[in-house]
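Residue numbers (my numbering), protein chains in the order written: chain H, -9 to 336; chain X, -9 to 336; chain W, -9 to 336; chain C, -9 to 336. Let me begin by presenting the structure, written as C-alpha cells, before commenting on it.
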C-alpha cells in the first residue's frame, strides 16, 4: 500500500516519515509541503540522508489520488479544512492530524480556534480516532480526525473513572498538562527558542486551550451527560513528552489497590496502554519514541480524590503513531503493526 | 556581623555562600560540613576558587558561639533537630533550612517525615519564617524555621484567596507542583542522574509529600478552621525553579481583572512578590537566581475555579534567599539587603 | 537464535535489550546482572513494562552455554576479563562491549586502564570489531572486542585520511571529542548528577583517556608505521551522542569537493556511514537512536589542515548497535538486520 | 553617572541591564531599541517587572548626548558601524559590543563579515577592549571595541604561550570552541529552536568563523610576527557558556606543574582570570553569570603539545561584563566595580 504525507516538513510530518518507513505494509511514496516545495526532504532534515531522498512536492488532487492509497494530513489547524475535503470526497482514505475535524459543533471550533469551521458535511464524515475507545466506530470509515496530543493522554487517563462511575462529574475534573516543546512545531516563535525554554517551566493558555472542548466532547459522549473539565497547559524544558495529572473527586472511598485493578481491567486488552503498579507513576521518558500511553493512579484519601498520571510521547501516541494505529485499523491490520518498538531509554 | 553555615557542602549551603558573600552587613566566617570536613570548600565547589577559600570545619559548640553572630543550618531534615538545639539554647540566632522545626505537632512530623520529632521545647521556640505573612512574629525571635520550597510558592499563591474569603476551603484546594532537580540536593541517587532526568517529566510522592502538612498548618492558622489541600509534586528537567499551579473553587463569580487587583493589593507592600498583568503567567526562569515570587492568576469561568500560578527559585526564595531575608528581619535591616538582584535571563 | 546479555542492568545492556527485541533473527532469552540479580528488569527499567518481563539472573557457565547461542558482555572494563574467558573457551560466540580485550598489548592496557590485563590467550582470540574496516577478519571469529564509543567515531573519521595518505601522520593528529553523559553509565557519581551537568561543558582526562591507545593501535595497524594522536574528551549536557572533531595537517593542497568525494568513495559500500555534502556537518541528533556514523569534512586552506566531524550515538554505533552489527557479521546475515531504523528527530 | 544602551532588546542588551542595575556608580537611564520602540522593556522581558520599567526609545543623537554619560551599543554587527559614529564624534564615551570596530583592516572585515567596513577614521579611534592585555591602551580612550566572546576565551588562553615563547607559532595553533545558544541572540532562526538544539552537538562555520581574524590580529600584534590559527566552532545544548580547547605544539618539553605556574604568574594580578591546579580543568558552569575566565592547562607529553582549556560566560566576560569592565577602566574605577559576584551554581 502506498502512503502520502501532506505537511511533511513539520515535526508531525517527519515523525510520520520515521514510523511509516518501518511499517511492513506501506511504502511511503509522496511528500507534500507548501512551504518548502521543490526541495528534498533531506535538505530540511539531514537525519534522513541516504534513507529517504524524496522530493517535497506540491498538492495536486488528481495526481495524488492516483499515486497513493492513504493520505496523512500533518498540516496546521485551519489549513486541513481548506485542503482535505476534495480528497475525502474522492474517496481516498484520509487521516488528519490537525484539530479541524475533531469538534462536531462548528460553533465550538469557532469559539476555541478563533477560525471559521470546516463544512458540516465533512465534520459528519470524520470519525474521532482514539482506537482504544472508539475502535468499532473507526474501522469502517475512511476519514479519521486523529486526536490531539493532550486529549489522548487526558482521555485515556480519565475514561475509566467515568465509565466505572467512580468520580464526580460535575465540573470538578482538573487536568494539569505538561508538555515538551516539539508540540509547538518547527515554527519560528520566540517562545520556542532554546534560550527561552531551557531552565524554564511556564503555564500557557490557562482556561482557554483549544483541546478543552475536544476532551469534553468525548467525555460527554461516553457519559451521556455534560461533563466540564478545567484543562490547563504547561511547557517544560524537554523536546518530547506529555504528562497529564488528572484530579477528580471520588464518589466513595476506594483503596489504591482497587483503583489500580480497575485500570488494569479497563485496559486489559489494550497493547498500547500500560498500567503501573500501586504507588508508582510513569515518567515521559518511559514512552519516548513509542505509541505507549503509561498510566499510574493514586487515591488521596485525605481529600478523597483520585489522581491519575498519564504519559505519552506527543509526537507518537499524540500524533503520528496514533495516526498509523488508525491506518492499521482502517485496513483491518493488527493495530501494533509497525509500532511495537521499545522506548529509547535513556 | 559574622555568619556561619552548617551543612555548607550541599546545594542549599553553597547558595547561602553565594548570597552571603554579597551581603553588605555580614562576613561569612565559618563553614561546617560533617561529610567533607578537612577539605576546603573549593575542593567541593571549584566555582568559588580565589573567592572564598574557607576550610570545611567540624561542628563545635563553644567555638562556634564565640566565632559567629548568626548560624544557618543547611542540613537535611532529621539532622538539624539533633544538632541545632544546643546553639538555640546558647542564645545564638539560628535559622534552620530543614523541615525539622516547621511542624508544630510532633506527631505530624512523625507521620510525614517517618522520623521522631524534635523536642517540643524547641518546636515552640521556632517561628515559621515566611516574612510576607508572619513578619511581626519573626522579627523578635532568634530561632527561625525557614519554610520549605514548595510551601513558599504554594502559600504565597493561596493565602490571598483564603484571607479574602473568595475560595471554597473544604478539601478542594489542589496544588500541582513542578520542581527542578536541585531540590533533591547533591546526594547520589539514581533519580538525580542527568540521563534519568533529561527529557523526562515525572510525578513523585503523590498524596504523601512531607510539605503537605506544612502548607495545611499555615492555612489553618490563618483561616481559623481546618483546611486540607491535595499537594502533588512533579520533577521536570531543569536545575532550579518551582512552579505551583493552584486550583480552588470560587465561592462566587469574579472577573480576571478583579482577581489580579486583589492580588496586587494583597502584596502591594511586598518587594519580593510580583503580580503579573491579566492573562499572563510567570515562568520559573523569570526569577532565576533571585528571591522573587512571581504570581499570575486566572478565573476559569466555565468551571468557576480560580487558578493561581506561583514561581520561585527553589534555592533562593525557597531556601537560602528567604533565610537571608529572615536574618535581615531578625536584625531589623531592610529585608532586601543583599537580595535586590535581577534574575539571570536568559 | 537465542541471545543473552551479561550486565543487562547498565545503559549499554538495556540498549542491547531495545535493539535485540527488534531483531528478526534473535530471541532475547537471558539477562544476567550481578548487582540486581533476583529482580526483574522492569523493576530497574519501567519503560520495558509489559514488553520484556525477564528476570535478572546470576552468571552460571553450564546453564548459559546451554541456553543461549550468543552472549553479549555489557560489563565494565576490568570485569569482563574476569568472567568472559570460560564462555569463550567453551566455544560460545561472545561479544564484549568493555575495553578489556581491545588492546593487544597487556602493558598498554595496564598503563591506560590502571588494571592488570586479560590473559594473552584471550587477547589473541579477540578480534577488534569495527566492521567497516575489519569485516574480513571478524566474520570467521567467535570472540569480538567491540570498539569503544570515541574510537568508533574517531577511527571512521580518520581512516580515509591515512589510507589515502593525504594527512601528515607524525604526531599531529588531534581529536577533540564531545560526549553526552550516558557514556558514564548508570553509576552513582557526583559528576553525572543533572544539576552538575546541565548548563555545563567541561574537559576531562586530557591526555590520559584510555581510548587513546585503542585509536593508535588501529591506525598504526593500518598505516604500518607508528601513529600517535592527541585525544581529548569533553562532557556536554546531553544524554546521547558523540561528536569528534579531528584536525590533521594536509600533505598537499586539496579542494573541499575533492575531500568530500574521497570520503564518499571510501565509504561507498557502507550503509552505516553517511558522508555530508560540502560545507555541511552533522549534529549528534541526526543519528539519535541509530547505528549511523555521519561524517562531514572541511579543508582549512589558511592553515592547510583537514577538519573532519564525525558523529555517532554512543549507545548504538558506539556500543550496542555495533555489537549487533558484529553479531550479524558472525552469522553471515545482512549487517543491517535489526538496525535499519530512522533517527528519532527531533 | 548615567548610562544608556542601544539594542537593549537583545540578550547582550538585557545582560547589560542586569549588570548595570547592580553597578554602584551608574544609573541606567536610557534604553534604545529599533525593533520594539514604544514598548516597555518589561513587555519583552517580564523578569524585569517592577525592577526596571523603562520604555524602549528611538535613537536620537541630540537627546542622547544630553541624557547619558556613557553609551553601550549592543547592536548586531553591520548595524553599529552605521549608527555609532555620530556619538563617537560628539565625544560621548561609547562601548560597542558588536564586531564592527574590532578589525583594524577594513578588507579583513569585508572578507569575514561579508559587509562593507566602518569608516577608517572610526576604526582608528576604536581601542580593542581586552583589559587584561591592553589595559594601558584602553584607559585613556573614549571608544572601545569590546572583544568577541570566542576571542576573549581564546586569547586569554593562548597569550601566555605566545608571550613566553613556549609554543610553536607557525600555523599550528588550533582552537576548538564550544558555545551555548544565547550567543546566537534572540533572533528567530530554525537552528536556535529548543527542539533542534536539545540533545544535539554540532559544528558550524568550520574554517570561516568571523572571530578568526580577530584572534589572529591580537596574537600577531603581541608576537610581532604573523600568527595563524585554525578556529572552529561548535554549538552545545546549553544557554550560556563558552569553552575553548586550545592545542599548540611545544617548542621544548615542559612539566605540567611548570605550565600551571607560568599561567599563574601571567595572571597573578588579574582578578577575573583564575588558573586551576594541575590536572583539573574548569567547566562553563563554574563561571555562570560572572565575569571570570577560568583556565586549566595540560602538557600532552606523548605528542609534545600543550592543551589549554578556557571558559567564560559568553554574555558576561564575552559581552556585557567585559563592556562594564571597560567602562570601569575608562573611568579609572576599580575594574571589579559591579562585577565581583559569585557564579550561580548549580
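Idealized CB from N, CA, C, for every residue including glycine.
Residue burial classification, residue i (beta-carbon count within 10 angstroms, cutoff 16)
{"i": "residue 211 of chain W", "result": "exposed"}
{"i": "residue 52 of chain C", "result": "exposed"}
{"i": "residue 226 of chain W", "result": "buried"}
{"i": "residue 17 of chain W", "result": "exposed"}
{"i": "residue 250 of chain W", "result": "buried"}
{"i": "residue 245 of chain H", "result": "exposed"}
{"i": "residue 23 of chain C", "result": "buried"}
{"i": "residue 277 of chain W", "result": "buried"}
{"i": "residue 43 of chain C", "result": "exposed"}
{"i": "residue 202 of chain W", "result": "buried"}
{"i": "residue 90 of chain X", "result": "buried"}
Cut-off 8 angstroms between Cβ atoms - residues of its own chain near residue i, not counting five sequence neighbours on either side
{"i": "residue 153 of chain W", "result": "212 and 256"}
{"i": "residue 33 of chain C", "result": "26"}
Whether residue i touches residue j by CB criterion (8 angstroms)
{"i": "residue 48 of chain C", "j": "residue 19 of chain C", "result": "no"}
{"i": "residue 156 of chain C", "j": "residue 219 of chain C", "result": "no"}
{"i": "residue 238 of chain X", "j": "residue 301 of chain X", "result": "no"}
{"i": "residue 285 of chain H", "j": "residue 146 of chain H", "result": "yes"}
{"i": "residue 270 of chain X", "j": "residue 233 of chain X", "result": "no"}
{"i": "residue 236 of chain W", "j": "residue 253 of chain W", "result": "no"}
{"i": "residue 195 of chain H", "j": "residue 223 of chain H", "result": "yes"}
{"i": "residue 67 of chain H", "j": "residue 172 of chain C", "result": "no"}
{"i": "residue 333 of chain H", "j": "residue 299 of chain H", "result": "no"}
{"i": "residue 279 of chain W", "j": "residue 231 of chain W", "result": "no"}
{"i": "residue 12 of chain X", "j": "residue 331 of chain C", "result": "yes"}
{"i": "residue 117 of chain X", "j": "residue 127 of chain X", "result": "yes"}
{"i": "residue 46 of chain H", "j": "residue 21 of chain H", "result": "yes"}
Own chain partners of residue i with C-beta closer than 7 angstroms, once the 5 adjacent residues on each side are dropped
{"i": "residue 313 of chain C", "result": "6, 62, 85, 87 and 136"}
{"i": "residue 76 of chain C", "result": "51"}
{"i": "residue 323 of chain H", "result": "15"}
{"i": "residue 82 of chain C", "result": "55 and 61"}
Contact list for residue i against chain H, beta-carbon separation under 9 angstroms
{"i": "residue 306 of chain C", "result": "The contacting residues do not exist; residue 306 of chain C stays about 15 angstroms from chain H at best."}
Proximal residues of chain H, C-beta to C-beta of residue i below 7 angstroms
{"i": "residue 264 of chain W", "result": "39 and 40"}
{"i": "residue 335 of chain W", "result": "4, 35 and 37"}
Listed by chain order, chain D residues near residue i by CB distance under 9 angstroms
{"i": "residue 237 of chain H", "result": "Checking the listed chains, one finds no chain D in this structure; the protein chains it contains are H, X, W and C."}
Neighbouring residues, chain X, relative to residue i (Cβ below 8 angstroms)
{"i": "residue 229 of chain W", "result": "184, 185, 188 and 189"}
{"i": "residue 178 of chain W", "result": "178, 179, 180 and 183"}
{"i": "residue 332 of chain C", "result": "7, 8, 11, 12, 37, 38, 41 and 42"}
Neighbouring residues, chain X, relative to residue i (Cβ below 7 angstroms)
{"i": "residue 288 of chain H", "result": "196 and 197"}
{"i": "residue 171 of chain W", "result": "184 and 185"}
Proximal residues to residue i (C-beta, below 6 angstroms), its chain only, five neighbours per side dropped
{"i": "residue 107 of chain W", "result": "96, 99 and 100"}
{"i": "residue 3 of chain C", "result": "-5, -3 and 64"}
{"i": "residue 281 of chain X", "result": "262, 306, 307, 311 and 329"}
Chain-ordered neighbours of residue i on chain W, where CB pairs are closer than 9 angstroms
{"i": "residue 243 of chain C", "result": "Per Cβ cutoff of 9 angstroms: no residues; residue 243 of chain C is ~14 angstroms from chain W at best."}
{"i": "residue 1 of chain X", "result": "185"}
Per-residue contacts from residue i into chain C (C-beta, under 7 angstroms)
{"i": "residue 57 of chain W", "result": "The contacting residues do not exist; residue 57 of chain W stays about 37 angstroms from chain C at best."}
Item to check | Cβ-based contacts, 7 angstroms cut-off: residues of the region 187 to 218 of chain H near chain X | outcome: Within the region 187 to 218 of chain H, 189, 190, 191, 192, 193, 196, 197 and 218 place their CB atoms closer than 7 angstroms to a CB of chain X, listed in sequence order.
Item to check | chain X contacts made by the region 268 to 281 of chain H, where a contact means CB separation under 9 angstroms | outcome: Within the region 268 to 281 of chain H, the qualifying residues are 269, 271, 272, 273, 274, 275, 276 and 278.
Next on the checklist: By the 7 angstroms beta-carbon criterion, what residues does the region 130 to 152 of chain H contribute toward chain X?
Outcome noted: For the region 130 to 152 of chain H, which is checked against every Cβ of chain X, not one residue is closer than 7 angstroms.
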